[in-house]
Each structure stands twice: as C-alpha cells, then as structure tokens.
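Trainee: Sharing a structure, written as structure tokens. Questions coming.
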C-alpha cells in the first residue's frame, strides 16, 4: 500500500514534461532530511550516525517498500529454497514491485535482470561484490537472462578520466564480475562507450527517454545545476535505457519484457525516473531490489570507496594486506579496556568486523553465536576481527584464482552481441 | 582582424567549464538586437524589415567575417575558375577561417566538407537546395570528401515525430540530396539514429564534447531553459561532433583533418561552440561558409518553411503548382498600378521573384538586365514572375527526374560505412 501512495506522488512530480519548478522533487527531498544529516544520491553517501544511514527513513523518502517477512516467505515458496542471506539479514531491505516479478515467475512468464557498475578504479573492493552476489543468486534462483552495464561514459564525465582509459577500466572490471561465476549463456556485459556504437536501439531508446524528461526534473532528482556539463544532464537516460527490453533487440526481439534491477539504494533515482517514463513509451515499469551500503572500514558513516585505499578491502589485496587493514582500520564496537568490554560487551551494530561477517558469513547459527558472544563481552575486538579476517580472506583468494582464468577471450564471449538463453 | 577580436570574446565566454552566469553569451546576444527585431537562431529566423535580416549586423554579432572581394579573388585563383554565383552575389556572405582552408588547398593538404539537414518533412523545398548546391560546388572545385548528417534525432526531440518516422524522413530527404549529383566515391551520408549505433567513435566524441560544455553555456548559446527536455540540452554536441575527423575513423583513420562547413548562418551557434571545444580535444577548429536565408514566397521577413505549404516551392510541386504559387503568393516589389510602376520602377531587393532569380539564374548578364529593367519599370510584376517561373520550373523538373533514379540501393551505397576517395 505504501508503495501505491508513494508512486502516486512520484507520478505527480514527473508526469508532466513541462512542469514548473514547484512541482518537481527537489534534490534535497531525495536525500534524507537535515535532522538526520544522511546524504544519499548516486555520487554521495554519508551519515553522521555511527550506525550509518537510517534506512527506514530512506524507504519513506524514496517511496519504496520494505522487504518484509511475508515477501521473503513468498520468495522462498517460489524458488523452493531459503532466501539468500543478504535478503534474510535485511541487507537487501527495500524494493519496488518485486511482487510483480514473483507473480511473473509463478505464471512461467519471462523477465530479465539488469545491473551495472561505473568503472572508476582498476580493482574492485568487497563492497562492489554485493549487488553482483545478489544478481547471481537471482539469476540462478529464477533462471533468467541478465544484462550488465559498465558505465564508462559516466565515469568519463564525472571523473578526470579519458575515454580510452575508462573503456580499459570497464574491461578490467568486467573480468572481475565474470570471475563471480555468471553463466555466459545467460549474461550479456556491455560498456556504453563501445555498445552505443554497436546497437542503434540503445541510442534510439535514450532519445525517446530524453524527450520525456526536462532539466527541471533531473535537477530535482539528481541535484544537477546550471554549471554542470551537458553530458551529466543527459546521462540518466543512458543508465535508464537498459531497463527497456527493446534496448537489446538481439536478446528480446520486439517483446516488452519485464526487468528486475538489483542495486544499492543510491542508484534508485535513475530508476524512479525510468519508472515514470517507461509506461509513456509503452513499457512495463522496472522492478527493483535495493541494498544498504557496505560500510567503510572506518565505520558506517561512509561506504567503502575505491578511491580511498584504506577504506576498503580490495579484491587484489594479499592475505597480509587484508589482515593488516582489518586489524588497523576496522572500526570497533568494543570497549576501551578489556575489563570494561567483559563487563558491558561490544556493540555489533557499529562494529565493522561484525558487519563484514553479516555480509559474508553464510552460516546463520554461527553468526548469531558470534553476535551474542560479542554482545556479552565473551568475544574481544581482536578475536572478532580474527574471525572476520578468516572469513573474508578465502573469499578474496577464491576470487583472485577465478579472476586469473578470465582471459580476453572469455571477456569477449560475455560482451559479444548475441541472443541469450532463457530458462 | 575582426575575426580575431571576435574569436577572443568567444574564447572568453566559452573557455572556462565552470563559469558564472555573467560570463556567458546570452541567448539575446546571438540574435540581432531589439532595435532591429531580427531573430536568428537554429530554430527561428524572422525579421520585421521587408529586406529581411540585416546581415552586416549579424556578422558583427556572431563575430564571423565578411566574404570580401579579396577572398573571392583568392578562391578564383586557387580553383582556376569563377567563384560560384551564390558567392559572387553575396548569398554565401560570411565565413570563419576560409583562408585557412584555401591555404591547405594551396599546400596540397587534405580537408573535408561537412554539412547536414534536419529531416522534418517528406519533401524538400527550393531553400533546402542552397547549402547543398554550395557543398557540391566546393566538393568539385576542391576535390575533397564530404560527410552529410541527417539529424533525425534532433527532429525527434524538437518535433512531434517518432524515432521510426524521423528515420524514414531522413532516408527520403537523403535521396533528394543524392539527386543533386554528389559523387558516391567521395560522399558519406548518415542519419544519427542509425549511425550512432554503427560507429563507437561518434558517441565517444560526443561524450568528449559534452564534458567540455556546461548547461550555462548552451543556455547562453542556444537559449535553452530549465523546462527544456534533456535531449535538447545534449544535442549540440551531436551536431558538432562530425566536425572532428576522428568521428569517422573509417574515412580519416587517426589523422586530424581540417573541416569546412557550408551552412545557413542560423547554424553557426553549433560550430561556434565546436570551435571553442575542438582545440581542447587536440583538433583544429572547423572553418565555415555561411549563407543568407532563402526568403519565403511571402517575402524576406521569414524564410521558406517546409511546414507552411504556401510559403515554399517544393521539389515535389508540379509545373502548374509552381506557376500558381509564384503568381499568387510571391511578394512583389512592384507598384500598385501599371502607370505608377512604369514611372517609379519596381524594387528588386524586396521582390521575391527577383530573389528567386538571384539564387537560381546563373547568367550574371541576364540577371543584371532583368534587375535594371525591373528597377526602371520596363518589366512588370507579372513579367518578372513569368521569368522566375521559367527559371525555377526546369530546375524542379530536373530534380524530380534525377530523384526517380535514386533507388534504395543507391541510398544504401551512400550510407555504407566505408573509406572515401581523396582528391
């Protein structure tokens, strides 16, 4: 219900191509209010609270819906197995129209997955894995095709990065994504700066979308200003267009196929815009499943950042580097002295080592044991960090081994324009 | 000299990507001032004067240079024949850096021609021929390759026109252009909505340009506002990108080849923007040769318009329609009565029949005879209209005959991505 109401508000602000300033969602409104000092947009995520962003408030502000127990039960019923731990633990916590997608699955109707990455650094960090872990789970659980956008054009526009270098980063990052084990028969990866010149349908859909959205609207949704470059102003349509199945005629023919987008919630503004425009172009609105942010080692006030070496565990880090980084930088929810810690217990909610376990330790029972022991003061900071290191290190090592096998030829196969297999 | 000064001003307003409002050329400044009530931008051309736009003032405002006798003499020396009558008669009256191009020709160095058309109607009118007549003359006189942009994306964004229909119009209009006799070995025609998806270099150059230009700048240059759709805001880079030779790697390889653009002067804002950006991307500034506007049958206060049937002689009109239109609508510079006309004489400068002859009657002596006879009152309105009809009708008939020979296969050849022959 809350979704219906919120969608109504969204439609009101976006439906009219020639609106006045007053009708538009302002940049301020899509971030969490000043009372909280949470900032959430596609380029900035920060909070002044040690527990990080207030996601309940964010759901209300964005007008999305909470993934509640009922929805989780439905996922489990339809897929015939337990929901992914990232869903069970509230890390993927919010959605738009996931119910519609589940109904399609029940009816044996097709849909596809769309996710992406802005390639701004050569090596990915642990946080980058989260949307792809969820995407891989969804691809396997629902047996559906997947398209992955590498927005090298976005990074060229936003960063001090040349076209050629952005394309190289896109290819390197795509190899990391492939290393996670996606099915080549059901997965198409593309980088915008190349794919735009290979598929006229992509640009044509961008033009159709750019015809439906005014500067006032992107100003409201994304906070763009008059001194922003025109490339930024047009870009939202580039990220939104792959949510229309006709962008990929070689996969979907002329079928209007539904789309489900797993992403961190900071990417929601693109798809709110897209959900408004799609029906006007005769397409279904994309569905979304949103994650919280992966905390920086320094704590949940900010997210892991590829441009800050010590904020993140990188997928290229050695076991020694991982150990040092977590021991040195991971924000602790423990007490100042051992005595105090034994007496009062640690605070898992703000403890980054515990958060790493929440994201990566699949065993629910073991995680709960750790949480209790840490809360009671039985487990010390050094000890929970050790468990985190032991959990994360093999994941990074396995990734590095898989990454080595992703040759240019393998990359080429994933990026080749071709039909995909439907389940 | 005047060019150097004007370019300096242009550089000042455009060079800085993060400028303030005050530094920007305003929309008002690129049109001719209020004192005159001339409006000139890529979407509007009108004047309150019977003789039409004051082109001397326009040259000053735009900061371009007049094509003077010295420059015409240089063209004739280098090409070894008389300059085209559209140049001799001041219809192509303004330029930017045409001297640079002539020097290249003298040195035996390569350059290319770039022109285009926004396909908004199925049938072209006489006015549409002008830039292409000049382009054809330049291609033959200088023996250089030519690229022609059909901006179907622009028309989709600006008009009530669907993507599919704009592409069809682009193809139909391209056939009319081909019918003018361009050399297929030296001419590449492309429509944006298709070519964007065939050549990654095009989009890559657009992104490079869109990274150098702010909303404030396009607001100043093109008069865009906050309620304009984002497609319009980004479009200037799409029209500007073909002035960088690297947009066509299949023609120019990785050579940075100079570009000369023949166009009506209302298109100059795109290329002023381009001339500012090109050096920052390591490319030479494009040169331009500008024409005046082709008057509507109703007179020089407006230009011929494809959307107003009675304002124009269409290339699909029958001899009877041409005769009727000119007789009925062509604004006359003659007097109210025959007696008065014989006594005072007609006014060729505001007479549309005479203007048609100035554009299309190649024989200078005959044109001068007609001008004198009309000015003296020896030639009556009906008589000069008859000469105009007899001049224009065979041109339209020849065009129709040539147009019939342009099959889909011929069109395909011109639009095929391929190397071009250099002179």
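Residue numbers (UniProt numbering), protein chains in the order written: chain C, 1 to 423; chain E, 1 to 423.
For every residue, glycine included, the Cβ atom is placed at its ideal position computed from N, Cα and C.
Mapping DSSP to helix, strand and coil, what is residue 171 (chain E)?
Mentor: The residue given as residue 171 (chain E) occupies position 171 in the second chain. Three-state DSSP puts residue 171 (chain E) in a helix.
Trainee: Could you check what DSSP says for residue 305 (chain E) in three-state terms: helix, strand or coil?
Mentor: One-based indexing of the second chain puts residue 305 (chain E) at position 305. Coil at residue 305 (chain E), not helix or strand.
Trainee: Rounded to whole angstroms, what's the CA-CA distance from residue 422 (chain C) to residue 138 (chain E)? Just pull it up for me.
Mentor: Here residue 422 (chain C) corresponds to residue number 422 of the first chain, with the count starting at 1. Here residue 138 (chain E) corresponds to residue number 138 of the second chain, with the count starting at 1. Whole-angstrom Cα-Cα distance: 55 angstroms.
Trainee: If the criterion is Cβ atoms closer than 8 angstroms, does the pair residue 410 (chain C) and residue 356 (chain C) meet it?
Mentor: Locating residue 410 (chain C) in the first chain gives position 410, where the first residue counts as 1. Locating residue 356 (chain C) in the first chain gives position 356, where the first residue counts as 1. Contact flag unset, no.
Trainee: Does DSSP put residue 150 (chain E) in a helix, a strand or coil?
Mentor: As a working mapping, residue 150 (chain E) is identified with position 150 in the second chain. Strand at residue 150 (chain E).
Trainee: Can you pull the chain C residues whose beta carbon is under 8 angstroms from the beta carbon of residue 221 (chain E), in chain order?
Mentor: Your numbering for residue 221 (chain E) matches position 221 in the second chain. Within 8 angstroms Cβ-Cβ: nothing; residue 221 (chain E) doesn't reach chain C, min ~11 angstroms.
Trainee: Grab me the residues of residue 104 (chain E)'s own chain with a C-beta within less than 8 angstroms of its C-beta, minus the 5 sequence neighbours each way, in chain order.
Mentor: Here residue 104 (chain E) refers to the residue found at position 104 of the second chain. The residues are 110, 111, 258.
Trainee: I'd like to confirm the pairing. Which residues does DSSP put opposite residue 128 (chain C) in its beta bridges?
Mentor: Counting from one through the first chain, the residue named residue 128 (chain C) turns up at place 128. Residue 128 (chain C) is not bridged to any residue.
Trainee: Taking residue 85 (chain E) as part of the alpha helix (DSSP H), name the residues at either end of that continuous run.
Mentor: Along the second chain, one-based indexing puts residue 85 (chain E) at 85. From DSSP, the alpha helix (DSSP H) with residue 85 (chain E) extends over 85 to 88.
Trainee: With 9 angstroms as the C-beta to C-beta threshold (strictly closer), list the residues of the stretch 199 to 216 of chain C near chain D in chain order.
Mentor: Of the protein chains in the structure, C and E, none is chain D.
Trainee: So with CB distances below 8 angstroms, who are the chain E contacts of residue 193 (chain C)?
Mentor: Taking the first chain and counting its residues from 1, one reaches residue 193 (chain C) at position 193. By Cβ distance, chain E contributes 200, 203, 204, 207.
Trainee: Suppose the cutoff is 6 angstroms on Cβ atoms and the five residues either side in sequence are ignored; what does the same chain contact list for residue 156 (chain C) look like?
Mentor: The count along the first chain starts at 1 and reaches residue 156 (chain C) at position 156. These residues qualify, in order along the chain: 163, 166.
Trainee: Restricting to Cα atoms, I'd like to know which of C:395, C:331, C:274 is closest to residue 317 (chain C).
Mentor: In the first chain, residue 317 (chain C) corresponds to position 317, counting from 1. For residue 317 (chain C), the nearest C-alpha among the options comes from C:395.
Trainee: Which class does residue 268 (chain E) belong to by DSSP, given the choice of helix, strand or coil?
Mentor: In the second chain, counting from the first residue as 1, residue 268 (chain E) sits at position 268. The answer is helix: DSSP assigns residue 268 (chain E) an H, G or I state.
Trainee: Skipping 5 residues on each side, what residues in its chain have a beta carbon closer than 8 angstroms to that of residue 439 (chain E)?
Mentor: The requested residue 439 (chain E) does not occur in the structure, where chain E is confined to residues 1 to 423.
Trainee: Measuring straight from C-alpha to C-alpha, what distance separates residue 230 (chain E) and residue 390 (chain E)?
Mentor: For the purposes of this step, residue 230 (chain E) is taken as residue 230 along the second chain, with counting starting at 1. For the purposes of this step, residue 390 (chain E) is taken as residue 390 along the second chain, with counting starting at 1. Residue 230 (chain E) and residue 390 (chain E): Cα-Cα distance of roughly 47 angstroms.
Trainee: Work out the CA separation of residue 417 (chain C) and residue 306 (chain C) for me, nearest whole Å.
Mentor: The residue labelled residue 306 (chain C) in the question sits at position 306 within the first chain. The residue labelled residue 417 (chain C) in the question sits at position 417 within the first chain. Distance between the alpha carbons of residue 306 (chain C) and residue 417 (chain C) is about 30 angstroms.
Trainee: Please report the straight-line C-alpha distance between residue 234 (chain E) and residue 202 (chain E), rounded to a whole angstrom.
Mentor: As a first step, residue 234 (chain E) is located in the second chain; it is residue number 234 there, counting from the start. As a first step, residue 202 (chain E) is located in the second chain; it is residue number 202 there, counting from the start. Whole-angstrom Cα-Cα distance: 14 angstroms.
Trainee: Residue 42 (chain C) to residue 174 (chain C), Cα distance in whole Å?
Mentor: Here residue 42 (chain C) corresponds to residue number 42 of the first chain, with the count starting at 1. Here residue 174 (chain C) corresponds to residue number 174 of the first chain, with the count starting at 1. Looking at the two C-alpha atoms, the distance is approximately 20 angstroms.
Trainee: Rounded C-beta distance between residue 406 (chain E) and residue 179 (chain E)? I'm assuming under 8 angstroms.
Mentor: Position 406 of the second chain holds residue 406 (chain E). Position 179 of the second chain holds residue 179 (chain E). Right, the Cβ-Cβ distance comes to about 5 angstroms (below 8 angstroms), so this counts as a contact.
Trainee: Might you give, ordered along the chain, the residues of its own chain that have their beta carbon closer than 7 angstroms to the beta carbon of residue 342 (chain C), omitting 5 neighbours on each side?
Mentor: The residue given as residue 342 (chain C) occupies position 342 in the first chain. Closer than 7 angstroms at the Cβ level, and outside the excluded window around residue 342 (chain C), lie 377.
Trainee: According to DSSP, simplified to helix, strand and coil, what is residue 316 (chain E)?
Mentor: Sequence index remark: in the second chain, residue 316 (chain E) carries index 316 (1-based). Of the three classes helix, strand and coil, the one that applies to residue 316 (chain E) here is coil, per DSSP.
Trainee: Here's a check: name, in chain order, each residue in its chain whose Cβ is nearer than 6 angstroms to the Cβ of residue 331 (chain E), leaving out the five neighbours to either side.
Mentor: As a position in the second chain, residue 331 (chain E) is number 331, starting the count at 1. The answer, listed in chain order, is 298, 299, 352.
Trainee: Examine chain E for any beta-carbon lying closer than 8 angstroms to the beta-carbon of residue 237 (chain C), and answer yes or no.
Mentor: If you number the first chain from 1, residue 237 (chain C) lands on position 237. Chain E contact via Cβ: present.
Trainee: Do residue 285 (chain C) and residue 97 (chain C) come within 8 angstroms of each other at the CB atom, strictly closer than that value?
Mentor: Against the first chain, residue 97 (chain C) aligns to sequence position 97. Against the first chain, residue 285 (chain C) aligns to sequence position 285. Cβ atoms of residue 97 (chain C) and residue 285 (chain C): closer than 8 angstroms.
Trainee: Between the Cα of residue 347 (chain E) and those of E:83, E:50, E:45, spot the shortest distance and give me the residue it belongs to.
Mentor: Sequence index remark: in the second chain, residue 347 (chain E) carries index 347 (1-based). With distances taken between Cα atoms, residue 347 (chain E) lies closest to E:50.
Trainee: For chain E, is any of its Cβ atoms less than 8 angstroms away from the one on residue 229 (chain C)?
Mentor: The count along the first chain starts at 1 and reaches residue 229 (chain C) at position 229. By this cut-off, residue 229 (chain C) is an interface position.
Trainee: Locate the alpha helix (DSSP H) running through residue 335 (chain C), then write down its first and last residues.
Mentor: Locating residue 335 (chain C) in the first chain gives position 335, where the first residue counts as 1. Premise fails: residue 335 (chain C) is in no alpha helix (DSSP H) and is neither H nor E.
Trainee: Quick check: what's the CA-CA separation for residue 240 (chain E) versus residue 275 (chain E)?
Mentor: As a working mapping, residue 240 (chain E) is identified with position 240 in the second chain. As a working mapping, residue 275 (chain E) is identified with position 275 in the second chain. Looking at the two C-alpha atoms, the distance is approximately 9 angstroms.
Trainee: Any Cβ of chain C within less than 8 angstroms of the Cβ of residue 147 (chain E)?
Mentor: Within the second chain, numbered from 1, the residue matching residue 147 (chain E) stands at position 147. Closer than 8 angstroms: no.
Trainee: Using a Cβ-Cβ cut-off of 8 angstroms, state whether residue 281 (chain C) counts as contacting chain E.
Mentor: Residue mapping note: residue 281 (chain C) aligns to position 281 of the first chain, counting from 1. Chain E, which has no Cβ nearer than 8 angstroms to the Cβ of residue 281 (chain C), makes this no.
Trainee: Among all the DSSP beta bridges, which residues are the ones paired with residue 261 (chain C)?
Mentor: Within the first chain, the letter at position 261 stands for residue 261 (chain C). According to DSSP, residue 261 (chain C) bridges with C:288.
Trainee: Quick one: Cα of residue 370 (chain E) to Cα of residue 350 (chain E), how far?
Mentor: Your numbering for residue 370 (chain E) matches position 370 in the second chain. Your numbering for residue 350 (chain E) matches position 350 in the second chain. Going by the C-alpha atoms only, they are around 14 angstroms apart.
Trainee: Around the C-beta of residue 287 (chain E), are 16 or more other C-beta atoms found within 10 angstroms, so that it is buried, or is it exposed?
Mentor: Residue mapping note: residue 287 (chain E) aligns to position 287 of the second chain, counting from 1. Its Cβ being crowded by 16 or more others within 10 Å, residue 287 (chain E) is buried.
Trainee: Which complete beta strand (DSSP E) runs does the stretch 50 to 118 of chain C hold, if anything under 3 residues is left out?
Mentor: For the stretch 50 to 118 of chain C, whole beta strand (DSSP E) runs of length 3 or above, ordered along the chain, are 92 to 96, 111 to 117.
Trainee: In whole angstroms, what is the alpha-carbon distance linking residue 38 (chain E) and residue 333 (chain E)?
Mentor: By one-based count along the second chain, residue 38 (chain E) stands at place 38. By one-based count along the second chain, residue 333 (chain E) stands at place 333. Approximately 21 angstroms between the Cα atoms of the pair.
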